[in-house]
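Numbering of the sequence shown is given in UniProt numbering, commencing with residue 1 and proceeding in unit increments.
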Amino acid sequence: MLQQTQVATVIDYYTRWMQKWPTLQDLASASLEEVNQLWSGLGYYSRGRRLQEGARKVVEELGGHVPRTAETLQQLLPGVGRYTAGAIASIAFDQVTGVVDGNVIRVLCRVRAIGADPTSSFVSHHLWDLAQQLVDPARPGDFNQAAMELGATVCTPQRPLCSHCPVQSLCRAHQRVSLQRKRY
Ligand code: SF4
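Right, dumping it as structure tokens:
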């Protein structure tokens, strides 16, 4: 629900969804019409459809057990890509795996002063490697959520709040900008 959508918008939908279908079995037995009806107004309807398809797959083909690793989540569940798989595995199942979304890309590029195009496959590959190296093995889910939140609230696309940033001392982009300011 939160992909491309703000938390404030999602809360009501999430609450109603969980009240209607509190278990995977409940969701698996829902009709597509019911899913679309509840999702109405949230946009990107394929997300709701895929969520329900995933629940069906888990219930009907995987014995009711949700895959617990990023690899198997991505491999076995429809519509689950690399980012979603990593987020579920680290947040729900404590797998030590990094995640990269738009916010994390921005944070990593600034912290490591990467100026190359992050949409290129070479840079993207590097960023996923970096996220994997940096993720906290003791609290991978919290680390990933913190990295995403940092990008969403502090290291914003325009006017990042560097003076409030908890990783300012590690940030190469910030160091370079500060150095330039001192010079001129
Ligand atoms: S110091 Fe500034 S540029 Fe660097 S990560 Fe923090 S907010 Fe982003």
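Beta carbons: idealized from backbone N, C-alpha and C, even for Gly.
Since this is a predicted model, take the numbers as computed values, not measurements.
Check	Outcome
Proximal residues to VAL10 (C-beta, below 6 Å), its chain only, five neighbours per side dropped	MET1 and LEU2
Heavy atom of ligand 1 within 8 Å of LEU150 beta-carbon	yes
VAL58 beta carbon less than 9 Å from that of LEU24	yes
Cβ-heavy atom distance, ALA146 to ligand 1, below 8 Å	no
Residue from GLY79, ALA55 and ALA8 whose Cα sits closest to the Cα of PRO22	ALA55
Contacting residues, own chain, Cβ-Cβ under 8 Å from ARG110 (five flanking each side not counted)	CYS155, PRO160, CYS171, ARG172, ALA173 and HIS174
Length of the line joining the Cα atoms of LEU108 and ALA28	38 Å
Every unbroken alpha helix (DSSP H) within the UniProt domain "HhH-GPD" (1-153), with a cutoff of 4 residues, ordered by chain	7-20, 24-28, 32-39, 46-61, 70-76, 82-93, 102-111, 121-134 and 140-153
DSSP state of ARG183 mapped onto helix, strand, coil	helix
PRO157 CB to nearest heavy atom of ligand 1 below 8 Å	no
Distance CB(GLY98)-CB(ASN36) smaller than 9 Å	no
Distance cut-off 8 Å: ALA173 Cβ against heavy atoms of ligand 1	yes
Sequence-distant residues of its chain with Cβ nearer than 7 Å to HIS164 (five each side left out)	VAL154
Beta-carbon proximity check, VAL104 vs LEU127, cutoff 9 Å	yes
Close beta carbons around ARG50, own chain, < 6 Å, minus the five adjacent residues each side	PRO78 and GLY79
Residue closest to GLY86, alpha-carbon to alpha-carbon, out of MET148, GLN6, TYR13 and THR119	MET148
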